[in-house]
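As they're listed, the protein sequences go chains D and S.
Counting from 1 along the first sequence, just add 230 to a position and that's the residue number in the working numbering.
Counting from 1 along the second sequence, just add 583 to a position and that's the residue number in the working numbering.
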Amino acid sequence: MYKALHRVGEYTLLMKKSITLPDRWNMFFKQLIREIYKLGVDSLWIVIIISIFIGTVIAIQISLNISSPLIPKFTIGYTTREIILLEFSSSIMCLILAGKVGSNIASEIGTMRVTEQIDAIEIMGVNSANYLIFPKITGLMLFIPVLVIFSMFTGILGGIAASYLAKDGMTPASFEYGLQFYFNSFYIWYSIIKSIIYAFIISSIAAYFGYYVKGGALEVGKASTNAVVMSSVMILLADVILTHLMLT
Amino acid sequence: MIEVKNITKTFDGRIVLNNISALFEDGKANLIIGRSGSGKTVLIKNIIGLMTPDSGEILYDGRNFLNMSKSDLKLLRREMGMLFQGSALFDSMTVLENVMFPLDVFSKDSARERRKRAEFCLDRVNLSDSGHLYPSEISGGMMKRAAIARAIALQPKYLFCDEPNSGLDPKTSLIIDDLIYSITKEYKMTTVINTHDMNSVMNIGDNIIFIKEGIMEWQGDKHQVITSNNKALNDFIFASDLFRKVKEMENNQEEG
Ligand SMILES: Nc1ncnc2c1ncn2[C@@H]1O[C@H](COP(=O)(O)OP(=O)(O)O)[C@@H](O)[C@H]1O
Ligand SMILES: [Mg+2]
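Rendered as structure tokens:
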């Protein structure tokens, strides 16, 4: 318990040190562009591929489970859309990104810590937390929502593909009708807002675990695992809280 | 000149540096020697401000380091360069970008001038062909040289080196020692070097401080180090057979 409180305190102090206006804007923008580029190149394809497949599978699963003649066929498209917009493209996608991007951030910063690269930045009087962590937080908060939009779009495309492939059950026409049925554009905003908050959770928690590594390569590995576990739990917790706040 | 006065540092109640006082002089290679774990790295980190001592004073040419205004500290930081034990080059940057980093932080020169200065420093350490490579693509000795280039990019008055020879073969170690030494003389820097390498001690030891378990046991130069009668120092130096033989030979000569 004492340790948990200590960590919360340490995390808060680190965020306070990280989230300040950069001393040198040109260095900040250089880092920011690097982060966004890295995130875009590394994660865009995996997001698209996962989303297409999951979109397809969701549509097929629902059509298999709703075989009652009493339920109209467009329900399949409607339900697929709701699942993708409300939960999959934001929460599930960010859980996946927590594993991929979070572990990457924690091990990158952790390696810099144990190889004294952070010390090398500090002796020049540069605020290392601000220089290293702030561009990562900003980069993720700017670009993860973009990935989420890609995921929504390709997920729905996957569903449509399923409707074309299906022999019985859904038809493309009924699926498309379902997609448009009772469409509430707020759900898209809801997902984007959620993803911005998840982006902060992933980047800040991963950075925290990396920044305070002590020891060597083994500890860096442990820190990146811990970062993924902790940010996943926090994403789920935030999901419950945000859903409660925004939809009920 | 750097004056260290009565520095004490503890970790969780364990004393690592015990009331250390020392003088590091201009234009000299000032060596801190001692066994692994004796507190050399902790001492150097306290002097450059990566750690804060529990008590004591550090004076950089009379300027009190531990209670300086922010703007004075910034000026002083510009005058300091550090060579870390594992080189600590930034993995995500090329060698040239690494050397340019301190210039980007401090210098108001144009991008072209900064680049020229970085290339000059790389040339000084014989790495002018490797600027475009990443640290993972070069050898340990080259990484050390690149790190030296980064440390001297701003023409520091004070240069700190933490075990510059660790992980290098004897020949490369000599090259690195000579490089640090000639740069020290060239720019009249106050250079502080942590080492437990006796070759360095005999090569470049202008001013030597020996610490044992956090206590400063002895201070002198490379000529005095061999003839000293300090028991702890002798135990440290003559742990190697070679140096024991050298000492025996010298004793025989004196007798004969
Ligand atoms: N950050 C730290 N926290 C706790 N103990 C430390 C820390 N840094 C160094 N020590 C301890 O201080 C002692 C001296 O270490 P160090 O200065 O690294 O030795 P060396 O002379 O080999 O450079 C060691 O016993 C080490 O365990
Ligand atoms: Mg050491």
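For glycine and all other residues, C-beta sits at the position ideal for the given N, C-alpha and C.
Predicted model only: the values in this text are computed from it and were never measured.
Close CB contacts of D609 of chain S within its chain, under the 7 Å cut and outside five residues either way in sequence, are with M584, K771 and T773 (chain order). Secondary structure note for R728 of chain S: it is in no beta strand (DSSP E), and the uninterrupted alpha helix (DSSP H) holding it is G723 to A734.
Chain D places a beta carbon closer than 9 Å to that of L633 of chain S, counting this residue as a contact. In terms of beta-carbon proximity, L751 of chain S stays away from the interface with chain D, with every pair separated by 9 Å or more.
The alpha-carbon of L679 of chain S is positioned some 14 Å away from that of A671 of chain S. Within chain D, M257 have C-beta atoms less than 7 Å from the C-beta of D687 of chain S, given in sequence order. Cβ contact annotation for I288 of chain D (same chain, cutoff 6 Å, sequence separation greater than five): T310 and I313, in chain order. Between S675 of chain S and chain D, the shortest Cβ-Cβ separation is below 9 Å. Where E640 of chain S is concerned, the enclosing beta strand (DSSP E) starts and stops at S638 to Y643. A heavy atom of ligand 1 is found nearer than 8 Å to the CB of K623 of chain S.
Under DSSP, G664 of chain S takes part in a beta bridge, and its partners are S:L742. Taking the Cα positions, I616 of chain S is about 51 Å away from I374 of chain D. For the pair of segments examined, the region 361-377 of chain D was found not to touch the region 586-595 of chain S: the number of CB pairs separated by less than 8 Å stays below three.
Pairing A350 of chain D with N456 of chain D gives a Cβ-Cβ distance that is not under 9 Å. Using a 10 angstroms sphere on the CB of G714 of chain S, the tally of other CB atoms reaches 16 or more, which defines it as buried. Within the chosen limit of 8 Å, ligand 1 does not reach the beta carbon of F258 of chain D with any heavy atom. Distance from the Cα of K303 of chain D is smallest, within the candidate group D:I290, D:G408 and D:I432, for D:G408. By a beta-carbon distance limit of 8 Å, L600 of chain S contacts L626 of chain S. Their separation comes to about 6 Å. The beta carbons of A736 of chain S and L686 of chain S sit closer together than 9 Å. Chain S places no beta carbon closer than 9 Å to that of T473 of chain D, leaving this residue out of the contacts. By the Cβ neighbour-count rule, L251 of chain D is exposed, with fewer than 16 other Cβ atoms within 10 Å of its own. Distances taken from the Cβ of N629 of chain S to the heavy atoms of ligand 2 include none shorter than 8 Å. G632 of chain S sits close to I353 of chain D, with the two beta carbons spaced by under 9 Å. The Cβ atoms of V344 of chain D and V277 of chain D do not sit closer than 9 Å to each other. Beyond the five residues adjoining it in sequence on each side, F607 of chain S comes within less than 6 Å, by CB distance, of I585, N613, T773 and V775 in the same chain, given in chain order. For G610 of chain S, there are no C-beta contacts with chain D under 7 Å, since the nearest C-beta of that chain is about 22 Å from it.
Separation of the CB atoms of S652 of chain S and K795 of chain S is rounded to 37 Å, and the pair is thereby denied contact status at 8 Å. Within 8 Å of the CB of I353 of chain D, the CB atoms of chain S belong to I631, G632, L633, R660, M663 and M665, in sequence order along the chain. Under the criterion of beta carbons closer than 8 Å, A328 of chain D and V238 of chain D do not qualify as touching, at roughly 19 Å. A contact between stretches requires three or more CB pairs, one per stretch, nearer than 8 Å, and the region 717-733 of chain S meets this requirement with the region 749-759 of chain S.
The continuous stretches of beta strand (DSSP E) do not include F413 of chain D, and DSSP gives it neither H nor E. Judged by pairs of C-beta atoms under 8 Å, the region 381-396 of chain D touches the region 315-333 of chain D, as three or more such pairs exist. Residue nearest to M245 of chain D within the set D:V376, D:D398 and D:P365 is D:P365 (criterion: CA-CA distance). For K754 of chain S, there are no neighbours in chain D by C-beta distance under 9 Å, as the nearest C-beta there is about 25 Å away. For R597 of chain S, the enclosing beta strand (DSSP E) covers residues R597 to F607. Placement of the Cβ of S756 of chain S at a distance of 8 Å or more from every heavy atom of ligand 2 is found.
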